[in-house]
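Residue numbers (my numbering): 47 to 561.
From the three backbone atoms N, C-alpha and C, an ideal C-beta is built for every residue, glycine too.
See below:
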């Protein structure tokens with residue numbers, strides 16, 4: 047008699063994992079149709095550090111069709127063998143493959159040198175893809191991933207269309223772009239027009255990898271699959287919501303990009319706004335892409351606009367000075383390589399915003415993000431209101447600490463609920479916390495954020511991707527802040543601290559103290 051499978055361990059049959067929790071409803075997503083993934087900028091950091099390890103993980107996990115190919119495209123002069131060796135090193139450094147898997151994956155990887163502003167390069171690429179697909183039976187399904195600077199998006203989109211690669215006569219043709227989606231509202235609309243004259247909206251996938259993090263996806267499940275949370279997730283019971291995305295690193299090798307964008311464009315226009323929308327969203331009638339994105343758009347439309355008074359009261363911008371981070375001396379932002387000595391680009395922002403709708407009227411949302419902070423930490427906290435009447439006031443006084451639900455996204459992925467209980471022995475109240483570790487008791491398959499978005503793109507599922515109306519609404523909301531260039535309003539904070547002193551009231555709600 048065969049041994050029973052260990053609970054919580056995924057069983058693999060025909061390359062596809064079985065549901066490790068048979069008592070629960072699960073869906074294992076896999077690409078059934080042949081597909082060709084073309085990665086522009088394949089020799090860059092994003093492709094080597096994220097995309098190729100993610101594709102290798104999808105291949106190992108049985109999420110990809112048996113018939114697929116990856117074509118690397120960039121301006122670098124490489125051949126298939128040198129390209130494969132670079133990708134092998136990237137996967138070994140940033141991912142993993144079991145023994146023997148690389149030998150199966152490598153033949154699926156080929157390379158073409160392409161100059162992004164040269165239509166002839168794209169004509170040759172189209173000819174190569176047609177020939178390869180016909181010889182290998184790959185069909186016409188293609189994903190074009192633009193792992194390139196945003197300045198190259200338009201050239202690539204135009205030349206793909208000129209080469210006939212935007213057409214969907216033999217299969218789908220999908221264009222994947224990374225943030226930032228423009229530099230402000232005007233440039234976002236210019237980019238939208240450039241892309242949409244060649245590709246339809248259903249063909250464009252705007253990636254925000256934050257949305258594909260497991261614990262971010264869990265926000266909707268936690269809210270709408272549990273009767274104990276949704277009834278109290280509103281202005282009647284919630285005092286405030288705090289959202290933090292703190293980074294301990296500086297600008298690293300991204301100085302030229304970052305100084306052009308800063309924390310508002312780099313983090314708030316995309317990641318932070320998406321986290322806000324998931325906290326504030328109304329339940330869609332079904333968990334379908336357009337219905338979910340419709341509800342997100344309603345949140346963005348309900349954001350209370352900022353005026354000059356609001357900017358001074360509810361927005362703090364900062365820039366890191368030298369300090370000690372991770373036990374080592376850290377340079378000031380202005381001393382980072384590639385940063386102009388007179389730069390006024392903010393590396394920290396804290397703001398208080400309101401969602402003016404029935405559910406959230408009057409409830410503040412505190413958002414904080416910055417670089418060179420004391421620790422890497424991304425979390426959402428829902429602070430509930432204190433009990434309306436204390437029957438224990440003669441014993442414990444008037445103040446009883448309110449309940450708090452914390453969703454930790456990284457580095458430790460868990461959900462915790464803080465509440466009051468009697469201490470053993472004397473008549474005392476104490477705060478206690480129930481913790482749920484996201485991966486505790488689970489040993490089944492899981493996907494990295496980039497593996498998830500790549501898989502969803504091949505499946506045509508836009509749930510975790512931006513829609514153009516949402517992009518424009520967020521740029522419009524942030525527009526007054528983007529023009530905030532007064533040097534007296536840019537406050538310095540020490541590297542390795544939690545931010546400038548002027549952000550004290552914002553940091554306090556996160557349980558932190560300013561430098």
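When rounded, the separation of the alpha-carbon atoms in residue 342 and residue 469 is 43 Å. With contacts defined by Cβ atoms closer than 7 Å, residue 214 and residue 240 do not form a contacting pair.
If you draw a 10 Å sphere on the C-beta of residue 360, you find 16 or more other C-beta atoms in it, and that means buried. Taking a 10 Å sphere around the C-beta of residue 404, we find fewer than 16 other C-beta atoms and assign the residue as exposed. Counting only runs of 3+ residues, the beta strand (DSSP E) found wholly inside the stretch 363–401 occupies 369–371, 374–376, 394–400, in chain order.
Around the CB of residue 559, fewer than 16 other CB atoms lie within 10 Å, so the residue is classed as exposed. Assignment of residue 419 by DSSP, reduced to helix, strand and coil, places it in the strand class. Straight-line spacing of the CA atoms in residue 274 and residue 268 works out to 10 Å.
Secondary structure of residue 285 (DSSP, three-state): strand.
For residue 468, the enclosing beta strand (DSSP E) starts and ends at 460–468. Collapsing the DSSP output to three states places residue 294 in coil. Taken through DSSP and simplified to helix, strand or coil, residue 555 comes out as coil.
Residue 415 sits close to residue 309, with the two beta carbons spaced by under 7 Å. Counting only runs that start and end inside the stretch 227–264, the alpha helix (DSSP H) elements of at least 4 residues fall at 231–242. In this structure, residue 413 and residue 399 form a Cβ contact; the two beta carbons are roughly 7 Å apart against a cut-off of 8 Å. Separation of residue 445 and residue 480 (C-alpha to C-alpha, rounded to the nearest whole angstrom) is 22 Å. For residue 102 against residue 184, the beta-carbon gap comes to about 19 Å, at or over 8 Å, which does not count as contact.
Assignment of beta-bridge partners to residue 411 by DSSP yields 287, 399.
Across the structure, residue 420 and residue 557 are spaced so that their CA atoms are roughly 13 Å apart. The criterion of a C-beta distance shorter than 7 Å is not satisfied by residue 305 and residue 431. Distance from the CA of residue 279 to the CA of residue 458, rounded to the nearest whole angstrom, comes to 24 Å.
The Cβ-Cβ distance between residue 191 and residue 289 does not fall below 7 Å. Straight through space, the alpha carbons of residue 164 and residue 493 are spaced by roughly 36 Å.
Look at the stretch 295–343 and you find these whole runs of alpha helix (DSSP H), each 4 residues long or longer: 301–309, 319–326. When C-beta atoms of the stretch 137–157 are compared with those of the stretch 102–113, three or more pairs fall below 8 Å, so the two segments count as touching.
In its chain, beyond the 5 residues on either side, 230, 231 have a beta carbon closer than 8 Å to the beta carbon of residue 525. Using a Cβ-Cβ distance cut-off of 8 Å, the stretch 321–341 and the stretch 362–369 are not in contact, since fewer than three pairs of beta carbons, one from each stretch, lie closer than that value. Taking a C-beta distance under 7 Å as the contact criterion, residue 82 and residue 188 qualify as a contact pair. The stretch 133–144 makes contact with the stretch 90–97; the number of CB pairs closer than 8 Å reaches 3 or more.
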